[in-house]
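Heads up: the structure comes next, in structure tokens.
Number of protein chains: 4
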Amino acid sequence: MLSFENDYAEGAHPKVLQRLADTNLIQQPGYGEDEYSRSAKEKIRAACRCPAAEIFLLSGGTQANLTVISALLRPTEGVVSAATGHIACHEAGAIEASGHKVIPLPEYHGKIRAEDLASLLDDFYADPTHPHMVSPGMVYLSHPTEYGTLYTKAELAEIARVCGAYEIPLYLDGARLGYGLESPGADVTLPFLCEVCSAFTIGGTKVGALCGEAAVFPRGAPKGFFTHIKQRGALAAKGRLLGAQFDALFTDGLYFDISRHAIRMAEELKRGLQARGYRLFLDSPTNQQFVVLDMEEMAQLQKRVRFSYWGKLDENRAVVRFAVSWATAPEQIARLMEILDETKKARENA
Amino acid sequence: MLSFENDYAEGAHPKVLQRLADTNLIQQPGYGEDEYSRSAKEKIRAACRCPAAEIFLLSGGTQANLTVISALLRPTEGVVSAATGHIACHEAGAIEASGHKVIPLPEYHGKIRAEDLASLLDDFYADPTHPHMVSPGMVYLSHPTEYGTLYTKAELAEIARVCGAYEIPLYLDGARLGYGLESPGADVTLPFLCEVCSAFTIGGTKVGALCGEAAVFPRGAPKGFFTHIKQRGALAAKGRLLGAQFDALFTDGLYFDISRHAIRMAEELKRGLQARGYRLFLDSPTNQQFVVLDMEEMAQLQKRVRFSYWGKLDENRAVVRFAVSWATAPEQIARLMEILDETKKARENA
Amino acid sequence: MLSFENDYAEGAHPKVLQRLADTNLIQQPGYGEDEYSRSAKEKIRAACRCPAAEIFLLSGGTQANLTVISALLRPTEGVVSAATGHIACHEAGAIEASGHKVIPLPEYHGKIRAEDLASLLDDFYADPTHPHMVSPGMVYLSHPTEYGTLYTKAELAEIARVCGAYEIPLYLDGARLGYGLESPGADVTLPFLCEVCSAFTIGGTKVGALCGEAAVFPRGAPKGFFTHIKQRGALAAKGRLLGAQFDALFTDGLYFDISRHAIRMAEELKRGLQARGYRLFLDSPTNQQFVVLDMEEMAQLQKRVRFSYWGKLDENRAVVRFAVSWATAPEQIARLMEILDETKKARENA
Amino acid sequence: MLSFENDYAEGAHPKVLQRLADTNLIQQPGYGEDEYSRSAKEKIRAACRCPAAEIFLLSGGTQANLTVISALLRPTEGVVSAATGHIACHEAGAIEASGHKVIPLPEYHGKIRAEDLASLLDDFYADPTHPHMVSPGMVYLSHPTEYGTLYTKAELAEIARVCGAYEIPLYLDGARLGYGLESPGADVTLPFLCEVCSAFTIGGTKVGALCGEAAVFPRGAPKGFFTHIKQRGALAAKGRLLGAQFDALFTDGLYFDISRHAIRMAEELKRGLQARGYRLFLDSPTNQQFVVLDMEEMAQLQKRVRFSYWGKLDENRAVVRFAVSWATAPEQIARLMEILDETKKARENA
């Protein structure tokens, strides 16, 4: 069945897969010492214009979040996150299992605001009982957010300024970073992230790879981070699997090209939905589109196409998510539009 | 440079890679709900002759050990392991980071003995202060061990009997299981493991896959094990990556065929070494061979071929490891022998 | 300086101290095996009319919460609590440090509502992504709450009913339980708590003891709970210190008598405040009273009497807490009233 | 029954108890801000001749070990300890529950040796796979040890030198410190401990207090240590309980006087045992004496006096422990000798 359920429904971009095939039988050392990992890291450093960055290639998003966050916090510190942040919800308590509280901040379509962060920090240290509480030891945000929304440079700079004033690291979860960088109008770039973040990830799994997230530490990683990775079960024996994929993604701008393609598909999807009178739940500039459907229509559509149920809006309506990716073909968007039209017609005739 | 450094120096077996390519653009649900994972699990169940087995596909060995062990133990329990067990040494404290002690048992070339286990358990419960101590809550062993050695059916059955008497689970780490199953003279089989173990893994990473370990629970997994996997950062969004690989490995006996090939290569290596008068540190029936070299010869060889330094034997001699795998070609063994001969000649002429 | 800062400003009730003195040099076994602990537990069981209850004596409140909660939860479960619950705020992340999320519920002057709990549980299991999230594995509530408020029997029964429907334990933190049991109009009793709770504590530290909380498990404690206590550093070598105190507190109803005394003092305090026109922030039936003061008056009062700052109400006004206890003398209330009058007069003259 | 079972069979020294009574109803702030805690810390600093020391008063030994160790280690570090160290055995995995491995070192009647420590550290960093292993991040030792044995200044200085070379903290568990400081011939002093240790405890529970250990950080505590204490459930609301006791113990040298008394009692016990031909298992210069008894004699003695079974020596003989303390009276030693004589006579007549 046609699927817009998520942005990990296919395998890898053909060029990524080809790189795995081309290098397959060349002997390489393990644990990230292979030449592909080294090359990938060089290319990422170049794309970031940050020669001093330390980079580590990890398999998955929760794994990357868990490993980076637990390595950056002291035992009595917690991580501040939007209440809807991935670490606060859908990572099954991975952060808490490593001993740390996720401290929630109000969210605005998945985003946090510098003023809320400043209030939280100001209030915390103004409260005389604060030594009895978990201290906010770092800030987590996702970009794009879980709602597909994006921060501007100005917003991130302001959040980073608050973090700086309290000397706590800012960590950006870029599981879908490509789609954020290539969104029209987006002004955030890799070099800019190196300026404002203590750490961020460049997601591969949802942007053309079979698996893999690159964790970037522009000003160096915490002491012994390699051992942290091992301890968290996140060290791939065949680091080449991650190295070769990221090497391919950062050769000739593939990562950016395929992200741009996804954005074009998202725009086509959005136009098609709006032309048909569908209400968008929010204005997402990236590859995830949230649509309001009435319950009956949702039920009928579910028989012919896969998408994600996001929650109830009211008694009769639901919010659903359609995701596109580097792999989405224009034909798939067109087919979806046909299905929408046919479903509508069937309902009118009913 | 020619490498016998480990059994993960290459990518995947060509048929495994081909399966990834063949299925690459077919849309599939995430998180292990894809049809390849379902098919792989069916095939593994069939190979195990254990239709009730619950199976989960994880990316790596430390990850699998950490996830299974922390899900099986209660907070005040620890896991018994050979002092040389992988979890006791080279997993960077992953088990302790999940809150549990690794309780060491004497090892004999990497193996534990049922009588030592029985003593440990008997003594523990005979000690009136035992409620002040971590209780032995499960047993971990690796097969093949870190020294390439193997248990017999009788040995495993006896260990399982002791576990049963104390009602604690037996978990077998099969990171190199294929090489153990296909070693000539070995009597342990997958169905037998289903009888004696509460859980075991079938290693893919070192036996033909890019990554992946199948965790098998013959009598069912702990409650909520899927969530455990997520919490430990071990849930692949693109479960298809693991599913397609294991599906290929368990099609037409590929897993066993390539394991057998490695064993033949190991035997050729062993014969070649013995014919040249090298002393084996121990008699390994699997794909890892441990050889005694004098320090000078080791240094000269290291310039031309990669292998692992395992430790000092005495002032003048070291133990080194040569590993072969599914990917080792007869030509590589032949080339190694030439290098050994040339090095020897050069030393005699010196 | 006269202090209403908290309910632990003095040592122990004289009878409790006397018991320590009387038993001081009698040799006793350690770790809670002393005869005073045994006697105290018998008396608590009798007061609970629950002969099957298992009881453990621990030193402090955070320690008791941490030990009980981490023993009751599985690794992927969290504990539901009012957002203002002690474990959610002022225990420095003790629960998270043991690996578990505190799942917040709306609070109404410190209390949770059964309907909110039911919604949280219903919504959780209705959400198809719930296996990716921490599951609500138990419910925590405090009685009296951090705001001095109390549950009724009907309210607790309804919360227990929801817990029962989802088969999760209900745990009641009774750090100030005496003040809740003896509040006029309160209908909750120890036997009732044994009916509705899987576990609850009877606080000693704030109700007449130097230290000590009794953890009561009406239907038995989790397996190996003694070892849990030890692991959490909560096992007193001289268990007699806790035993003798609780034995004194549960002899001839001392625990209830001194709680009633505190309630009378609280009522006198409340009457005095209301007679002087002070606004109570909320209607607390127990030993903590929350008063609205304007900032200037607060500053002047702070020079002459200790109380707790609870937070800002608006630009000009703060909420402060006056706590009384078993140790509060009528003269102290009278003296406080004089200070209030003198401060008022001074302000009027200024 | 007469008991030599342990050194915590009685309550507190009468002067300690008196101090609690004298201060009982004086209002004090909580959480260690009381004047008794401040005074106690001043007196301990004076006894240590270390005005810069930061001192925290905790309730129990496991609690103190757990809190100090988890605050000093980074997540990938473990603590080196004698295999018989309290943290390695009888603390129920408290250290592992906080995420850290206890790395065992050979023990010699409970003591570790600087050369073994140096080897462990040298070998660790010489092993090229060390980034895959838990790094030795601090050293734990107990003084007196679990066997009553003592380090000399020279031995501790040498251990500290090795720690210094690897820049890892040395932590000394002084649960029975008084008995070590006052043993005749002992050259270790509090000021010396301040020189060589990063942290150490001064045990109260076994040396005259109802409960309480003072954690001393001669060169300052880890950042936020107060919050660590809270997080571990180790912060007493009524810090006065600990403060008043340590204040009494460090007034007019009480701590040292009562320790000396115990040592005299131990010497009398030892003389009495030796005069009667008993074999001491080892030569302990402190308050714990280990004696070899044949099984039958042990069984008969157990009917009349309490002592601890320490383990089997061979088929017919056991090692048992007789402990004395600040509370032991000469009459108790005399009575024990009578019982020994009577038991012997009865056996001879049988």
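These protein sequence lines are chains A, B, C and D, in that order.
FYI, my numbering numbers position 92 of the first sequence as 92, with every residue one higher than the one before it.
FYI, my numbering numbers position 337 of the second sequence as 1337, with every residue one higher than the one before it.
FYI, my numbering numbers position 312 of the third sequence as 2312, with every residue one higher than the one before it.
FYI, my numbering numbers position 134 of the fourth sequence as 3134, with every residue one higher than the one before it.
Using N, Cα and C, we set each Cβ at its ideal position, and we do this for glycine too.
In the DSSP assignment, the beta strand (DSSP E) including residue i goes from what residue to what residue?
{"i": "A:L313", "result": "Note, A:L313: premise wrong, no beta strand (DSSP E); not H, not E."}
{"i": "B:I1103", "result": "1102-1105"}
{"i": "D:M3133", "result": "Run containing D:M3133: none; DSSP gives neither H nor E here."}
{"i": "D:F3056", "result": "3054-3058"}
Measuring CA to CA, which of the options is closest to residue i?
{"i": "D:L3120", "options": "D:H3109, D:P3104, D:Y3108", "result": "D:P3104"}
{"i": "D:G3061", "options": "D:A3334, D:R3304, D:A3234, D:E3035", "result": "D:A3234"}
{"i": "B:E1033", "options": "B:A1154, B:L1269, B:G1239", "result": "B:G1239"}
{"i": "A:E54", "options": "A:G99, A:M337, A:E42, A:W310", "result": "A:E42"}
{"i": "B:Q1245", "options": "A:G11, A:Y108, A:Y125", "result": "A:G11"}
{"i": "B:H1086", "options": "B:P1144, B:G1099, B:F1056", "result": "B:P1144"}
{"i": "D:M3337", "options": "D:P3222, D:Y3151, D:K3270", "result": "D:K3270"}
{"i": "C:T2129", "options": "A:G311, A:E331, A:L72, A:I339", "result": "A:G311"}
{"i": "D:Y3147", "options": "D:A3334, D:G3203, D:Q3288", "result": "D:Q3288"}
{"i": "B:S1259", "options": "B:A1214, B:L1280, B:T1227, B:G1204", "result": "B:G1204"}
{"i": "C:G2083", "options": "C:L2273, C:S2098, C:V2068, C:Y2108", "result": "Rather than Gly, the amino acid found at residue 2083 of chain C in this sequence is Ala. Nearest of C:L2273, C:S2098, C:V2068, C:Y2108 to C:A2083, Cα basis: C:Y2108."}
{"i": "B:S1142", "options": "B:L1170, B:Y1036, B:A1275, B:Y1255", "result": "B:L1170"}
{"i": "A:M295", "options": "A:D247, A:L313, A:L210", "result": "A:L313"}
{"i": "D:A3354", "options": "D:L3057, D:P3029, D:Q3274, D:V3207", "result": "Shown here, chain D extends from 3001 to 3350; a query on residue 3354 of chain D therefore has no answer."}
{"i": "D:S3400", "options": "D:G3243, D:M3298, D:E3315, D:G3277", "result": "Residue numbering for chain D in the displayed model covers 3001 to 3350; residue 3400 of chain D lies beyond these limits and cannot be assessed."}
{"i": "B:G1212", "options": "B:N1065, B:R1045, B:C1050, B:L1002", "result": "B:N1065"}
{"i": "A:F250", "options": "A:G208, A:F281, A:T23, A:G272", "result": "A:G208"}
{"i": "A:R306", "options": "B:L1025, B:A1334, B:P1029", "result": "B:P1029"}
Leaving out five residues on either side along the sequence, give the residues of the same chain with a beta carbon under 6 Å from the beta carbon of residue i.
{"i": "B:F1200", "result": "L1172, G1174, L1193, V1216"}
{"i": "B:R1176", "result": "P1144, G1203, K1206"}
{"i": "D:L3190", "result": "A3047, C3048"}
{"i": "B:P1051", "result": "R1045"}
Looking only at its own chain, which residues have a Cβ that is under 7 Å from the Cβ of residue i, when we skip the five neighbours before and after it?
{"i": "D:H3261", "result": "W3326"}
{"i": "B:L1117", "result": "V1080, L1105, V1139, I1159, V1162"}
{"i": "A:T76", "result": "V134, S135"}
{"i": "D:A3021", "result": "none"}
{"i": "A:N316", "result": "D294, M295"}
From the DSSP output, which residues share a beta bridge with residue i?
{"i": "A:I202", "result": "A:A214"}
{"i": "C:R2317", "result": "C:D2294"}
{"i": "B:S1119", "result": "BP columns for B:S1119 are empty, so no partner."}
{"i": "B:F1322", "result": "B:Q1289"}
{"i": "A:D173", "result": "A:S142"}
{"i": "C:G2078", "result": "C:P2136"}
{"i": "A:S308", "result": "A:R321"}
{"i": "D:R3279", "result": "D:V3292"}
From what residue to what residue does the alpha helix (DSSP H) around residue i run?
{"i": "B:Y1255", "result": "1254-1275"}
{"i": "C:H2086", "result": "2086-2089"}
Apart from the five residues just before and just after residue i, which ones in its own chain have a Cβ nearer than 8 Å to its Cβ?
{"i": "D:I3069", "result": "V3079, I3087, I3095, S3098, H3100, M3138, Y3140, Y3171"}
Practice task
Name, going along the chain, the residues of the segment 224-248 of chain A whose beta-carbon falls closer than 7 Å to a beta-carbon of chain D.
Solution key: G224, F226, T227, H228, K230, Q231
Practice task
Using a Cβ-Cβ cut-off of less than 9 Å, list which residues of the segment 186-199 of chain A approach chain C; keep chain order.
Solution key: none
Practice task
Compile a chain-ordered list of the residues in the segment 7-28 of chain A whose CB is closer than 7 Å to at least one CB of chain B.
Solution key: Y8, A9, E10, G11, A12, L17, L20, A21, T23, N24, L25, Q27, Q28
Practice task
Give the residues from the segment 3057-3072 of chain D that approach chain C closer than 9 Å (Cβ to any Cβ), ordered along the chain.
Solution key: L3058, S3059, G3060, G3061, T3062, Q3063, A3064, N3065, L3066, T3067, S3070
Practice task
Compile a chain-ordered list of the residues in the segment 308-323 of chain A whose CB is closer than 8 Å to at least one CB of chain C.
Solution key: Y309
Exercise for the section: Below 9 Å between beta carbons is the criterion; list the residues of the segment 2076-2096 of chain C that meet it against any residue of chain B, in chain order. Expected result: T2076, E2077
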